[in-house]
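In my numbering, the protein residues as written are 40 to 647. Every residue gets a Cβ at the ideal spot worked out from N, C-alpha and C, and that includes glycine. Given the structure is predicted, the values throughout are model-derived calculations rather than measurements. Accompanying notes for the structure given below.
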């Protein structure tokens, strides 16, 4: 339907009072070969070379043809459907109502749209400048727009110096909504439910060259960020330069960004199964690092990551050609300090990851409790990580990892049950070794753990916990390639006491560790305490195989040495045992008159 004023037409003026379109279905299609039904070129036709724009046609008697005056356009109950068979995509826009009102080419335009996009409701109102100012601008073109979709309200207000070219933006933009997850209907993909959100900024510049986001402010899930951002689009890759600050960034609230579900959605993890791996083998998406370059500085009053609370944080970031460096990383954490850097070089298919982190004089009770690791350690300590590896996935990086990781703790205490579970497994293999002390705690003078790492193998150079009556020594290796364990935890008495100390052999995988008494090492220690010599053919060592001492106050006690027994007459010398059962019987015969029946029965069970 079209309505036109006839009297102005007699004077050469096209004055359309109203255009109405109802019930239209507009179908745009692209087939599997990429051919579009809206491409009207003849088959095989080539694009004509660009020519100078034609001058407007002149009306009879001279002068350009008049610009039509359209006062109102109304479209109702119509659909626009776009289907791309080649890309496998389909989108539908439904127009319930679209009205455009204007008194003429020199007058402002008012717009109203009500409809949906992919079944998500949309409402838009807009006030725009005169149409003639789009073609021949004499002043910045005014824009005022409000869009409501997916629970979000978006407002844009300001002006554009050259509207046809999109240059000279001077806009105030704001976005706010009650629930981020409601945007899923508009985005066409699942958006996490993180609560209310808001964003505001001034946008100036040219989308083809440089865009400035001035006075940026954003808030989501209790976190906030503010600052200025510049995007330079003139180079080979976009370059983002930003200086940001925040009162609070709570990474744990974002869940997926930290590698897991949001806290309220996270359920109890299913038990591990044989063959399960800790390190993911999924390819790292390093291609995204090559899409943009960036330089960023960020200061935050508080950052919460994995539960740890970092105050007074200062972070720098540089990204160039796929090489990402996060440095420095400085903050106060758990009454101590953190200083470090992270580099992820994605310029090649196999990315290189290097991490250096030093946590100095941190309160381990506060740190580990905040991170929900354990509440069972109290003391001040240092944590030092300096590692590097290369690979196409986290699993491959860990398999070739080099570097060092260590922990040093001063005087404190640990819950005895925690030590039992950590070093002896849930089966409480060390249940009879550790002294429970007051309120179930074991006092610790110091603890040191130092694992050099070479080609994915971490070897215990130092592993010692100086407990009240005993020192706990660890030896062995951790295989990051196949995620297996081969460690021996060896509790040793500081002085001669009657209670046996039994080394524990930890094997299995990271997700399914296995704990058992190290029988031969246990026999060596027990017989040494009792003044009995276990044959060297069984222990595989001469002199007991001492563990090197650690310099300083955290030096472990040397293993007990067997007293030299009187030699037996040659004709009565017993045969050398060749199996654990024979060794147990030989030791049992020697101690029969030296210990009480309880110790004897305990030794019988040692090799079961």
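Range covered by the beta strand (DSSP E) that runs through residue i
{"i": "residue 204", "result": "Note, residue 204: premise wrong, no beta strand (DSSP E); not H, not E."}
{"i": "residue 491", "result": "480-493"}
{"i": "residue 317", "result": "No beta strand (DSSP E) holds residue 317; DSSP gives it neither H nor E."}
{"i": "residue 362", "result": "362-372"}
{"i": "residue 541", "result": "Element bounds for residue 541: n/a, residue is neither H nor E."}
DSSP three-state assignment for residue i, whether helix, strand or coil
{"i": "residue 309", "result": "coil"}
{"i": "residue 616", "result": "Its pLDDT being 40, under 50, residue 616 is placed unreliably in this model, and the value from its coordinates should be taken loosely. Residue state, collapsed to three classes: coil."}
{"i": "residue 226", "result": "helix"}
{"i": "residue 502", "result": "strand"}
{"i": "residue 670", "result": "There is no way to answer for residue 670, as the model of the chain reaches only from 40 to 647."}
{"i": "residue 379", "result": "strand"}
{"i": "residue 40", "result": "coil"}
{"i": "residue 605", "result": "Because the pLDDT of residue 605 is 47, which lies under 50, any placement of that residue in the model is unreliable, and the number read from its coordinates should be weighed accordingly. Coil, per DSSP."}
{"i": "residue 331", "result": "coil"}
{"i": "residue 55", "result": "strand"}
{"i": "residue 75", "result": "strand"}
{"i": "residue 64", "result": "strand"}
{"i": "residue 345", "result": "coil"}
{"i": "residue 132", "result": "strand"}
{"i": "residue 384", "result": "strand"}
{"i": "residue 393", "result": "strand"}
{"i": "residue 497", "result": "strand"}
{"i": "residue 304", "result": "Confidence in residue 304 is poor, its pLDDT being 44 and thus under 50, which makes the residue's placement unreliable; the coordinate value appears in the next sentence. If DSSP states are grouped into helix, strand and coil, residue 304 belongs with coil."}
{"i": "residue 398", "result": "strand"}
Per DSSP, the bridge partner or partners of residue i
{"i": "residue 523", "result": "518, 548"}
{"i": "residue 532", "result": "509"}
{"i": "residue 340", "result": "BP columns for residue 340 are empty, so no partner."}
{"i": "residue 355", "result": "336"}
{"i": "residue 553", "result": "546"}
Test item: CB-CB of residue i and residue j under 8 Å
{"i": "residue 55", "j": "residue 41", "result": "yes"}
{"i": "residue 173", "j": "residue 203", "result": "yes"}
{"i": "residue 428", "j": "residue 439", "result": "yes"}
{"i": "residue 65", "j": "residue 118", "result": "yes"}
{"i": "residue 420", "j": "residue 492", "result": "no"}
{"i": "residue 124", "j": "residue 70", "result": "yes"}
{"i": "residue 426", "j": "residue 401", "result": "no"}
{"i": "residue 418", "j": "residue 375", "result": "no"}
{"i": "residue 455", "j": "residue 481", "result": "yes"}
{"i": "residue 360", "j": "residue 329", "result": "yes"}
{"i": "residue 365", "j": "residue 406", "result": "no"}
{"i": "residue 660", "j": "residue 110", "result": "Only positions 40 to 647 of the chain appear in this structure, which leaves residue 660 out of reach."}
{"i": "residue 345", "j": "residue 408", "result": "no"}
{"i": "residue 260", "j": "residue 284", "result": "no"}
{"i": "residue 197", "j": "residue 211", "result": "yes"}
{"i": "residue 486", "j": "residue 517", "result": "no"}
{"i": "residue 358", "j": "residue 432", "result": "no"}
{"i": "residue 652", "j": "residue 218", "result": "The structure shown does not extend to residue 652, since the chain is modelled only from 40 through 647, so no value can be given for it."}
{"i": "residue 434", "j": "residue 320", "result": "yes"}
Residue i: first and last residue of the uninterrupted alpha helix (DSSP H) it sits in
{"i": "residue 111", "result": "Element bounds for residue 111: not the alpha helix (DSSP H) but the beta strand (DSSP E), 111-123."}
{"i": "residue 325", "result": "Where residue 325 is concerned, there is no enclosing alpha helix (DSSP H), given that its DSSP letter is neither H nor E."}
Closer than 8 Å to chain C by CB, residue i
{"i": "residue 341", "result": "The structure shown has no chain C; it contains just one protein chain."}
- [ ] Go through the stretch 401-473 residue by residue and report every complete run of the beta strand (DSSP E) that reaches 3 residues or more, in order.
- [x] Taken in chain order, the whole beta strand (DSSP E) runs of length 3 or more contained in the stretch 401-473 are 416-430, 441-454.
Runs of beta strand (DSSP E) wholly within the stretch 207-291 (minimum 3 residues, chain order): Whole beta strand (DSSP E) segments, 3+ residues: 236-244, 249-259, 262-271, 278-285.
If we require 3 or more residues per run, which beta strand (DSSP E) segments fall completely within the stretch 140-207? With a minimum length of 3 residues, the unbroken runs of beta strand (DSSP E) contained wholly in the stretch 140-207 fall at 148-156, 159-167, 180-188, 191-201.
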